[in-house]
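Engineer: The structure that follows is given in the form of structure tokens.
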Amino acid sequence: MSETLIQFRNFSWKYQSQAEPTLRGLSFDVKKGEKVLICGPSGCGKSTIAHCINGLIPFSYRGDISGSLTVCGKETKDLSIFEMSKMVGTVLQDSDGQFVGLTVAEDIAFALENDCVPQSDLIRTVKETASIVSVSDHLRHAPNELSGGQKQRVSLAGVMVDNVPILLFDEPLANLDPATGKRSIALIDEIQKKTGATVIIIEHRLEDVLCRPVDRVILMSEGTIAANMTPDELLSTDLLPKYGIREPLYLTALKYAGIKITPEMHPDSLEHMVLSDEDIKRVKDWYGAGREEELPAEGEPLLSVKNVSFTYDNGFQALKDVSFEVKKGEMISVVGTNGAGKSTLAKVICGFLRQQQGTIFTHENDGVREECDLSGLSIKEIADHIGYVMQNPNQMISKVMIAEEVALGLTTRKKPEDEITKSVEDTLRICGLYPFRKWPISALSFGQKKRVTIASILSLDPEVIILDEPTAGQDYRHYTEIMEFLRELNDQGVTVLMITHDMHLMLEYCRRAIVVTGGRICADTTPAAVLTDPELVEKASLKETSLYTLALLCGIDDGRAFTEHFISCERQRRGK
Amino acid sequence: MINLFNYIDRPSPIHKLTGATKLICTVLWTFAAMVTYDTRLLILMPVISLLLFRVSKIRFRDVKVMLIATFAFMVLNNLTVFLFSPQHGCTIYGTKHVIIGGNARYALTEEQLFYHFNLILKYLSQIPMILLFITTTDPSEFAASLNKVGVSYKISYAVALTLRYIPDIQREYVDISQAQQARGIEMSKKESLINRLRSASTILIPLIMSSMDRIEVISNAMELRGFGKNKKRTWYVARRFVKWDYIAMAGCALLFLVSIAGIFISGSRFYNPFV
Numbered sequence: 010m011s012e013t014l015i016q017f018r019n020f021s022w023k024y025q026s027q028a029e030p031t032l033r034g035l036s037f038d039v040k041k042g043e044k045v046l047i048c049g050p051s052g053c054g055k056s057t058i059a060h061c062i063n064g065l066i067p068f069s070y071r072g073d074i075s076g077s078l079t080v081c082g083k084e085t086k087d088l089s090i091f092e093m094s095k096m097v098g099t100v101l102q103d104s105d106g107q108f109v110g111l112t113v114a115e116d117i118a119f120a121l122e123n124d125c126v127p128q129s130d131l132i133r134t135v136k137e138t139a140s141i142v143s144v145s146d147h148l149r150h151a152p153n154e155l156s157g158g159q160k161q162r163v164s165l166a167g168v169m170v171d172n173v174p175i176l177l178f179d180e181p182l183a184n185l186d187p188a189t190g191k192r193s194i195a196l197i198d199e200i201q202k203k204t205g206a207t208v209i210i211i212e213h214r215l216e217d218v219l220c221r222p223v224d225r226v227i228l229m230s231e232g233t234i235a236a237n238m239t240p241d242e243l244l245s246t247d248l249l250p251k252y253g254i255r256e257p258l259y260l261t262a263l264k265y266a267g268i269k270i271t272p273e274m275h276p277d278s279l280e281h282m283v284l285s286d287e288d289i290k291r292v293k294d295w296y297g298a299g300r301e302e303e304l305p306a307e308g309e310p311l312l313s314v315k316n317v318s319f320t321y322d323n324g325f326q327a328l329k330d331v332s333f334e335v336k337k338g339e340m341i342s343v344v345g346t347n348g349a350g351k352s353t354l355a356k357v358i359c360g361f362l363r364q365q366q367g368t369i370f371t372h373e374n375d376g377v378r379e380e381c382d383l384s385g386l387s388i389k390e391i392a393d394h395i396g397y398v399m400q401n402p403n404q405m406i407s408k409v410m411i412a413e414e415v416a417l418g419l420t421t422r423k424k425p426e427d428e429i430t431k432s433v434e435d436t437l438r439i440c441g442l443y444p445f446r447k448w449p450i451s452a453l454s455f456g457q458k459k460r461v462t463i464a465s466i467l468s469l470d471p472e473v474i475i476l477d478e479p480t481a482g483q484d485y486r487h488y489t490e491i492m493e494f495l496r497e498l499n500d501q502g503v504t505v506l507m508i509t510h511d512m513h514l515m516l517e518y519c520r521r522a523i524v525v526t527g528g529r530i531c532a533d534t535t536p537a538a539v540l541t542d543p544e545l546v547e548k549a550s551l552k553e554t555s556l557y558t559l560a561l562l563c564g565i566d567d568g569r570a571f572t573e574h575f576i577s578c579e580r581q582r583r584g585k
Numbered sequence: 009m010i011n012l013f014n015y016i017d018r019p020s021p022i023h024k025l026t027g028a029t030k031l032i033c034t035v036l037w038t039f040a041a042m043v044t045y046d047t048r049l050l051i052l053m054p055v056i057s058l059l060l061f062r063v064s065k066i067r068f069r070d071v072k073v074m075l076i077a078t079f080a081f082m083v084l085n086n087l088t089v090f091l092f093s094p095q096h097g098c099t100i101y102g103t104k105h106v107i108i109g110g111n112a113r114y115a116l117t118e119e120q121l122f123y124h125f126n127l128i129l130k131y132l133s134q135i136p137m138i139l140l141f142i143t144t145t146d147p148s149e150f151a152a153s154l155n156k157v158g159v160s161y162k163i164s165y166a167v168a169l170t171l172r173y174i175p176d177i178q179r180e181y182v183d184i185s186q187a188q189q190a191r192g193i194e195m196s197k198k199e200s201l202i203n204r205l206r207s208a209s210t211i212l213i214p215l216i217m218s219s220m221d222r223i224e225v226i227s228n229a230m231e232l233r234g235f236g237k238n239k240k241r242t243w244y245v246a247r248r249f250v251k252w253d254y255i256a257m258a259g260c261a262l263l264f265l266v267s268i269a270g271i272f273i274s275g276s277r278f279y280n281p282f283v
């Protein structure tokens with residue numbers, strides 16, 4: 010029996026500012042060398058657990074503790090945050106925030122500098138650690154010269170230099186594109202094998218974490234433990250959907266096919282999952298039962314982007330001869346790696362940046378069908394046609410009251426008072442915010458704030474709205490809430506363009522995906538077609554859907570049709 | 009995008025000096041220039057600093073914007089001095105040689121012209137050195153240097169962090185302001201100043217809110233990696249003083265002493281050619 014490194018015993022925690030405890034009577038152990046995943050919906054207390062393990066609780070946050078928590082055999086309340094930092098290395102969700110050095114080398118050295126390690130040792134250790142996480146070529150680079158994945162590697166190196174026995178990852182996948190996320194999980198796995206460290210991962214994207222083996226999953230709900238078992242056992246229960254965590258898509262598909270999942274099938278990974286001939290026959294039957302062709306939306310063209318190229322002042326060409334057409338009533342995903350040009354494309358369409366070549370025009374102007382070239386218009390005028398919703402609602406909200414915020418665009422356009430009141434009320438109704446219209450924005454949840462920002466754009470009645478990462482950092486429940494809302498808007502005729510890293514989102518909600526790599530559009534087709542084309546997936550840093558893998562496993566050649574069938578099943582179920 | 013600390017990396021003897029040396033030298037040099045009105049010294053200093061500019065391989069066009077700004081400020085400073093105290097030179101030098109204007113308030117005197125000449129020289133003595141310091145000091149090393157000259161490492165690191173996050177915050181400012189402009193917040197010159205100031209709040213509030221979030225993350229991240237644990241810390245980028253560092257510091261210290269000594273010897277801050 011190996012030694013217990015972390016031991017929670019009837020542990021509770023209440024933040025000083027809150028009435029109810031966030032963690033209630035937790036008891037669990039983590040043993041040396043284990044790899045444990047802690048998952049649960051937003052607000053379940055999983056980040057609070059992370060704070061308890063790394064010592065931010067009780068040393069940086071105020072509140073009341075009861076029960077006991079020991080790390081490496083020592084009661085944490087009796088230690089200091091610095092003693093804790095020698096035992097637990099934390100890689101934060103926001104790798105930008107964690108990057109405190111001016112360059113990669115300084116950031117990796119940070120913890121050692123604070124320990125007064127002599128400079129010659131610093132230089133040697135930094136060099137060694139940088140090579141383990143393969144950032145050796147970037148030692149002198151500033152954080153803004155690195156990609157999201159590289160920043161995370163630097164963060165990891167920054168905690169590894171301390172030779173800590175416990176590595177804690179707080180939502181490591183949150184800001185990464187799918188392929189980078191997959192590599193990150195693989196890296197964590199390799200580091201653990203190399204160093205024998207105990208690894209704790211806090212994450213709600215279960216399927217993505219499980220692409221490398223995990224010893225145990227702790228499922229949290231409302232400050233208590235809902236389950237503490239091996240992935241195989243957990244996936245054979247129906248606890249995940251019950252607590253608002255999305256189970257791996259291949260399992261959902263198997264369940265649709267009427268197959269009962271048992272731990273003996275090893276459902277934690279498709280790679281070694283055991284499916285009997287009977288199971289495979291069921292999958293085939295389910296697939297054969299109905300087959301709907303996914304058709305691209307028919308409609309009148311609404312927005313045209315023609316041969317657009319854009320080069321930044323520093324000579325970096327971010328868009329190269331980009332052309333596409335958006336039809337009225339479409340809901341489109343724009344996908345690709347960080348730095349592929351997705352955001353630049355959105356900014357050029359909104360007029361924040363101006364293309365050097367090509368034209369962008371709408372086919373509708375004030376409800377009349379006529380071409381309207383956007384390049385001659387100001388940012389404000391373009392906004393009457395194209396609405397832009399930023400990723401973080403806090404970056405947009407500047408008023409105290411909801412109604413004020415939604416009215417802002419209209420007020421600045423000096424519309425008559427009664428017209429403003431009417432259209433604000435209409436928009437609030439559409440967005441389900443009417444009951445809250447007299448509330449201060451600060452009283453709303455993140456998802457509701459997002460709605461307010463969408464409403465504040467909708468009130469201007471644009472022909473198209475562009476959303477940057479509409480569901481980033483959201484758990485499945487909030488994700489569903491936001492996306493269902495967007496779908497309803499779309500059903501009411503709003504044309505939606507989304508920039509996203511979320512493959513599920515694209516599969517489930519969009520009928521069309523535009524894939525951008527290296528500033529060019531390399532595919533413009535259905536999401537299922539994108540995610541079942543291994544070459545394209547590789548090129549655009551996406552991640553194949555496990556449905557495709559499942560199809561191959563069951564001997565179904567047409568992975569794309571299989572995926573499409575699954576999605577239409579999902580949509581039907583949701584519709585009910 | 010405007011970079012506050014415009015470090016320009018070119019191999020030169022000036023670049024090789026440690027940040028601490030350059031900091032000490034710049035401080036000594038500017039004090040020397042501030043204290044004295046000795047015209048001989050004030051002519052010598054710009055000449056030396058121009059020579060140092062040559063050595064540093066920093067070209068004037070690299071610092072054009074900053075030069076223009078300080079030049080404009082210098083002109084403004086001279087104009088206001090003349091406007092409010094047109095006979096200041098006469099008070100200082102004790103004589104009055106009128107060139108033109110007779111007894112009028114704004115009569116032009118040799119003393120006043122000489123005073124302005126000195127004032128301009130003072131600018132010319134200080135500005136190139138400060139620009140040189142800014143363009144040749146690696147921001148990474150700057151915090152280590154501050155710490156080396158005795159500033160507490162927490163304050164030094166705060167300076168480094170500011171440098172680290174300025175680009176991020178600038179970028180965020182641009183993003184927020186574009187999104188708000190799209191909603192009709194007019195920030196261009198088309199609007200009156202009052203309206204623009206009012207609009208600025210719609211950009212600043214979100215910027216402040218998101219910066220607050222950021223501060224929490226950063227301070228947590230730093231504490232988790234042991235910042236503030238000991239009374240001291242070491243620096244990855246710190247550099248040792250070598251011969252040239254001592255020579256440079258000694259040179260600047262000498263200059264400072266000459267400037268101070270001049271005042272004591274002549275009994276006045278001013279060099280007076282009129283008596």
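Going line by line, the protein sequences match chains F and U. FYI, in our numbering the residues of the first sequence are 10 to 585. FYI, in our numbering the residues of the second sequence are 9 to 283. Note that the Cβ used here is the ideal one computed from N, Cα and C, for glycine as well.
Using a Cβ-Cβ cutoff of less than 8 Å, which residues in the same chain neighbour residue 12 of chain U once the five nearest sequence positions on both sides are dropped?
Structural biologist: The predicted model places residue 12 of chain U with a pLDDT of 48, which falls under 50 and marks its position as unreliable, so this point remains unresolved.
Engineer: Please give the ranges of any beta strand (DSSP E) in the segment 58–139 of chain F, keeping only runs that are unbroken, at least 3 residues long and fully inside the region.
Structural biologist: Entirely contained in the segment 58–139 of chain F, the beta strand (DSSP E) runs reaching 3 residues are, in chain order, 72–80, 97–100.
Engineer: Between residue 464 of chain F and chain U, is any beta-carbon pair separated by less than 7 Å?
Structural biologist: Chain U contact via Cβ: absent.
Engineer: Can you name, in chain order, every residue of its own chain whose Cβ lies under 8 Å from the Cβ of residue 18 of chain U, other than the five neighbours on each side?
Structural biologist: 64, 65, 66.
Engineer: By how many angstroms is the C-alpha of residue 539 of chain F removed from the C-alpha of residue 572 of chain F?
Structural biologist: Roughly 11 Å between the two C-alpha positions.
Engineer: Express the C-alpha separation of residue 362 of chain F and residue 382 of chain F in angstroms, rounding to a whole number.
Structural biologist: Each residue's alpha carbon lies about 15 Å from the other.
Engineer: Taking residue 345 of chain F as the reference, give the member of F/501, F/188, F/228, F/97 with the closest Cα.
Structural biologist: Minimum Cα distance to residue 345 of chain F is reached at F/188.
Engineer: Once the 5 residues before and after residue 10 of chain U are set aside, which same chain residues still bring their CB inside 6 Å of it?
Structural biologist: In this predicted model, residue 10 of chain U has a pLDDT of only 45, less than 50, meaning its place in the structure is not dependable enough to derive any value.
Engineer: What's the call for residue 6 of chain F, buried or exposed, on a 16-neighbour Cβ count within 10 Å?
Structural biologist: Nothing about residue 6 of chain F can be read from this structure; chain F reaches only from 10 to 585.
Engineer: Pick helix, strand or coil for residue 371 of chain F, following the three-state DSSP scheme.
Structural biologist: Residue state, collapsed to three classes: strand.
Engineer: In the structure shown, what three-state DSSP assignment does residue 279 of chain U receive?
Structural biologist: Note: residue 279 of chain U maps to coil in three-state DSSP.
Engineer: Any beta carbon from chain F within less than 7 Å of residue 286 of chain U's own beta carbon?
Structural biologist: Nothing about residue 286 of chain U can be read from this structure; chain U reaches only from 9 to 283.
Engineer: Between the Cα of residue 429 of chain F and those of F/68, F/452, F/468, spot the shortest distance and give me the residue it belongs to.
Structural biologist: Selected option, being the one with the closest Cα: F/468.
Engineer: Residue 61 of chain F versus chain U: which residues are under 8 Å apart at the beta carbon?
Structural biologist: Per Cβ cutoff of 8 Å: no residues; residue 61 of chain F is ~13 Å from chain U at best.
Engineer: Excluding the 5 residues preceding and the 5 following residue 181 of chain U in the sequence, name in chain order all residues of the same chain whose CB lies nearer than 8 Å to its CB.
Structural biologist: Result list for residue 181 of chain U: 211, 215, in chain order.
Engineer: Given residue 164 of chain U, which residues of its chain have a CB within under 7 Å of its CB, disregarding the five upstream and five downstream residues?
Structural biologist: Counting only Cβ-Cβ distances below 7 Å, and skipping sequence neighbours, we find 151, 154, 155.
Engineer: Determine the DSSP secondary structure at residue 432 of chain F, reduced to helix, strand or coil.
Structural biologist: Helix.
Engineer: Going by DSSP in three states, residue 86 of chain U sits in which element: helix, strand or coil?
Structural biologist: Helix.
Engineer: What first and last residue would you give for the beta strand (DSSP E) that runs through residue 22 of chain F?
Structural biologist: Start and end: 13–24.
Engineer: With 7 Å set as the bound, which would you pick, yes or no: does the beta-carbon of residue 115 of chain F sit closer than that to a beta-carbon of chain U?
Structural biologist: Taking Cβ atoms only, chain U reaches closer than 7 Å to residue 115 of chain F, which makes this a yes.
Engineer: Please work out which residues of its chain come closer than 7 Å, Cβ to Cβ, to residue 144 of chain F, disregarding the five sequence neighbours upstream and downstream, and give them in chain order.
Structural biologist: Result list for residue 144 of chain F: 113, 159, 162, 163, 166, in chain order.
Engineer: Do we get a CB-CB distance below 7 Å when we pair residue 109 of chain F with the residues of chain U?
Structural biologist: With 7 Å as the cut-off, residue 109 of chain F counts as an interface residue toward chain U.
Engineer: Are there 16 or more other CB atoms within 10 angstroms of the CB of residue 125 of chain F, so buried, or fewer, so exposed?
Structural biologist: Exposed: under 16 other Cβ atoms inside 10 Å.
Engineer: If you measure beta-carbon to beta-carbon, which residues of the segment 66–92 of chain U are closer than 8 Å to chain F?
Structural biologist: Going along the segment 66–92 of chain U in chain order, one finds no residue with a Cβ nearer than 8 Å to chain F.
Engineer: Quick check on residue 285 of chain U - is its C-beta less than 7 Å from some C-beta in chain F?
Structural biologist: Past the edges of chain U, shown from 9 to 283, lies residue 285 of chain U, and the structure says nothing about it.
Engineer: If we define contact as Cβ-Cβ less than 7 Å, is residue 212 of chain F a contact residue for chain U?
Structural biologist: With 7 Å as the cut-off, residue 212 of chain F does not count as an interface residue toward chain U.
Engineer: Give me the chain F residues within the contact set of residue 176 of chain U, using Cβ-Cβ distance strictly less than 9 Å, ordered along the chain.
Structural biologist: In chain order: 105, 152, 153.
Engineer: Is it true that the CB of residue 433 of chain F sits closer than 7 Å to the CB of residue 415 of chain F?
Structural biologist: Yes, these two residues count as a Cβ contact at 7 Å.
Engineer: Quick check: is the beta carbon of residue 18 of chain F nearer than 7 Å to any beta carbon in chain U?
Structural biologist: Not an interface residue.
Engineer: Just the C-alpha distance for residue 394 of chain F and residue 483 of chain F, rounded to the nearest angstrom, thanks.
Structural biologist: The straight-line gap from Cα to Cα measures roughly 28 Å.
Engineer: Anyone know if the C-beta pair for residue 240 of chain F and residue 219 of chain F falls short of 7 Å?
Structural biologist: Yes, they are a contact pair.
Engineer: Of all Cβ atoms in chain F, is any one closer than 7 Å to the Cβ of residue 12 of chain U?
Structural biologist: Caution applies to residue 12 of chain U, whose pLDDT of 48 falls short of 50 and renders its modelled position unreliable; the value that the coordinates give is listed next. With 7 Å as the cut-off, residue 12 of chain U does not count as an interface residue toward chain F.
Engineer: Verify whether the separation of the beta carbon atoms of residue 25 of chain F and residue 72 of chain F is less than 7 Å.
Structural biologist: The answer is yes: Cβ separation under 7 Å.
Engineer: Using a 10 Å radius around the Cβ and a threshold of 16 neighbouring Cβ atoms, would you call residue 581 of chain F buried or exposed?
Structural biologist: Under this definition residue 581 of chain F is an exposed residue.
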